[in-house]
Structures are given as C-alpha cells and as structure tokens.
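**Q**
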Amino acid sequence: MNETIKLIQDHRSIRSFLDKDVDDAVIDEILKTAQAMPNSINGQQTSVIVIRDKNTKKKIAQLTGNQTWIEEAPVFLLFLIDFYKTKLGAEKNGLTQVIHESVEGTMVGTFDAGLQMGAAIISAESLGLGIVPIGGVRKSPEELIELLKLPEYTFPAVGLALGYPKDHSHKKPRLPLNTFKHEEFYHSEGLLESINQYDKDMEDYLAEIGREKEGNWSKFTSSIYQSVYYPEVYPTIKKQKLSNDK
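Using numbering that gives the first Met the number 0, read the sequence shown as starting at 0 and increasing by one per residue.
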C-alpha cells in the first residue's frame, strides 16, 4: 500500500483548529488539484468561493446550524453548482441553455462538486491540514446566497472548513466492505447482518468519544431520515432557476 492510499484511508474529520493562517499559495495548490478533476462534458459547471473574513465565517457558522468550527477554521471553501458561467457561454453563441432546468443538470453539478471537494480533501490532508465537510450550507441556502452574492443559476452544494488541526479526532469506523462493494449485481443478502455488526461497532465508538446518546448507526441515521432535514433546498434551488422539472 502506498503513502497516498494510507493517507486517504486514515481520514478523519477535524473540528478544532490552531490559530494559524493557511497561505494563499497553499490554497491555490489545493484548488488547482480540485479543478483538475474530471467533469461532465468539460462543462466545468462548478466554482469555489474562498472565505477568510471572520465576520462572514461567523455568519456562515450560524446559518449552518451553529457549526462553530467554521468560524474557528482559518479558511472556508464553498463549492458551487455553477450554470451561470455556462449560460454566459451559451449566450455568446446565440444559444439557449436548458440543462440547468433539469434533474440531470443538478446531478451533474453536484457530482462534479463532490469530485472536486474529494480532491481538495486529499490535497489538504497531504499538506498537513485538517478538514471537515459542511453539508449544512444547504440549511438556509437563500440567506447564504444573499450573503455571498451568488448569481442565478448557481447553488451552494457543500462547504469545507480547513486549517491546521489542534488535535486528531478519533477515526470513525465504516460499514463492512460487503455493504459497499457488490460484485456484478446488487447483493441484498447478508446486509442486515452486517448492519447489526456495524451498529455494535458504532456503539463502542460513540461510547469512546462520549456520544452514547446517538445510539448507533441505524438508529441515528433513521432518526434523521424520517424527514427532509434541509427543506429549504428545493424552493431555493427553484428560485435560482435550477427548476428540476425536466
């Protein structure tokens, strides 16, 4: 196993950062790596906003459900679905863009943003930085869009708090590989048994870090998935003209 694979497999989210800045040159190298990732049709329908301003980070922390590590991290990256720049390209050629109105467009933008954030994570960790992804940027998207002056045809997909770690958190166990890897077709047999074992593993892990109240994986996840936990996504994404009606 090479060092890159070891680094990736040793990932853990960091929510406590040193009061130490991250140079612009380091951020640029991380973003160059992210931008180098494959994307659909070379449309490059994503963008990243780099946020260092303390007041802006504080506001984002509030909008994401009081995630204080956003404010503490020296840098916050916001990955966007961005069909605004592709719309400009269409207009330049006298064409009308339609893809932003479709579910396919939203899937493309989201998937490409995810690829880019994955590359950013690996790059940052290889440079000794710690990270924590922030899906909570979708909690109050309309306010975030206004705060960051996002144009129509864009939408905040996910964020990444980034900085030098104050300490290394415990590594969270994952579901057994057989729940993720399926040979030739989807194998449903044995899944429940693997989930039962993982629930026991998570109970031990949560007890170790003092979060026993969460129960285990299936209890915690199903309690959240009883509802659409970010209900403002759909009405706001439609206001941004990503209508998802095709």
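Glycine included, C-beta positions come from ideal geometry on N, C-alpha and C.
(1) Can you tell me whether residue 214 is helix, strand or coil according to DSSP?
(2) Examine the Cβ distances between the segment 102-114 and the segment 1-11 and report whether three or more of them are shorter than 8 Å.
(3) Hey, could you find the ends of the alpha helix (DSSP H) residue 108 is sitting in?
(4) Grab me the residues of residue 26's own chain with a C-beta within less than 7 Å of its C-beta, minus the 5 sequence neighbours each way, in chain order.
(5) With a floor of 3 residues, list each beta strand (DSSP E) that falls wholly inside the segment 133-168, ordered by position along the chain.
(6) Who are the Cβ neighbours of residue 142 in its own chain at under 8 Å, not counting the five residues just before and after it?
(7) Which residues share a DSSP beta bridge with residue 81?
(8) Would you report the Cα separation of residue 92 and residue 145, rounded to the nearest angstrom?
(9) Measuring alpha carbon to alpha carbon, tell me which residue in 109, 156, 160, 154 is nearest residue 131.
(10) Between which two residues does the beta strand (DSSP E) carrying residue 46 extend?
(11) Which residue's Cα is closest to the Cα of residue 53: 14, 18, 35?
(12) For a test of the three-state rule: what should DSSP assign to residue 184, helix, strand or coil?
(13) Looking at the strands, I want to know which residues DSSP matches up with residue 75.
(14) Do the CB positions of residue 150 and residue 77 come within less than 8 Å of each other?
(15) Could you pull the start and end residues of the alpha helix (DSSP H) that residue 22 belongs to?
(16) With residue 232 as the anchor, note down where its alpha helix (DSSP H) starts and where it stops.
(17) Counting contacts by CB-CB distance shorter than 8 Å, is residue 37 in contact with chain B?
(18) Are the beta-carbon atoms belonging to residue 34 and residue 153 less than 8 Å from one another?
(19) Could you tell me whether the segment 111-123 touches the segment 62-71, using the rule of 3 or more Cβ pairs below 8 Å?
(20) Just the C-alpha distance for residue 164 and residue 120, rounded to the nearest angstrom, thanks.
(21) Would you kindly report the start and end of the unbroken alpha helix (DSSP H) that includes residue 204?
(22) Could you tell me which of 137, 123, 97 sits nearest to residue 22, measuring between CA atoms?
(23) Quick check on DSSP: helix, strand or coil for residue 130?
(24) Please report the distance separating the alpha-carbon of residue 210 from that of residue 89.
**A** Quick answer:
(1) If DSSP states are grouped into helix, strand and coil, residue 214 belongs with coil.
(2) Inter-segment contact for the segment 102-114 and the segment 1-11 is absent: fewer than three beta-carbon pairs are separated by less than 8 Å.
(3) Boundaries of the alpha helix (DSSP H) around residue 108: 102-125.
(4) Non-local beta-carbon contacts of residue 26 in its own chain, meaning distances under 7 Å to residues more than five positions away in sequence, involve 49, 74 in chain order.
(5) List check, beta strand (DSSP E) in window: 153-162.
(6) Same-chain partners within the cutoff: 62.
(7) Partner(s): 153.
(8) The straight-line gap from Cα to Cα measures roughly 30 Å.
(9) It is 160 whose Cα lies nearest to the Cα of residue 131.
(10) Run containing residue 46: 45-50, per the beta strand (DSSP E) assignment.
(11) Taking only the C-alpha atoms, the option nearest residue 53 is 18.
(12) Residue 184: coil per DSSP, three-state reduction.
(13) Answer is 50, 160.
(14) Their beta carbons are not under 8 Å apart, which means residue 150 does not touch residue 77 by this criterion.
(15) Looking at the DSSP string, residue 22 is not in any alpha helix (DSSP H), and its letter there is neither H nor E.
(16) Its alpha helix (DSSP H) spans residues 232-238.
(17) This model lacks chain B altogether, as it is built from one protein chain only.
(18) Cβ atoms of residue 34 and residue 153: not closer than 8 Å.
(19) Judged by Cβ distances under 8 Å, the segment 111-123 makes no contact with the segment 62-71, as fewer than three pairs qualify.
(20) About 14 Å.
(21) Following the DSSP letters along the chain, one finds residue 204 inside the alpha helix (DSSP H) bounded by residues 190-207.
(22) For the residues 137, 123, 97, the minimum Cα distance to residue 22 belongs to 123.
(23) The answer is strand: DSSP assigns residue 130 an E or B state.
(24) Cα to Cα, residue 210 sits roughly 51 Å from residue 89.
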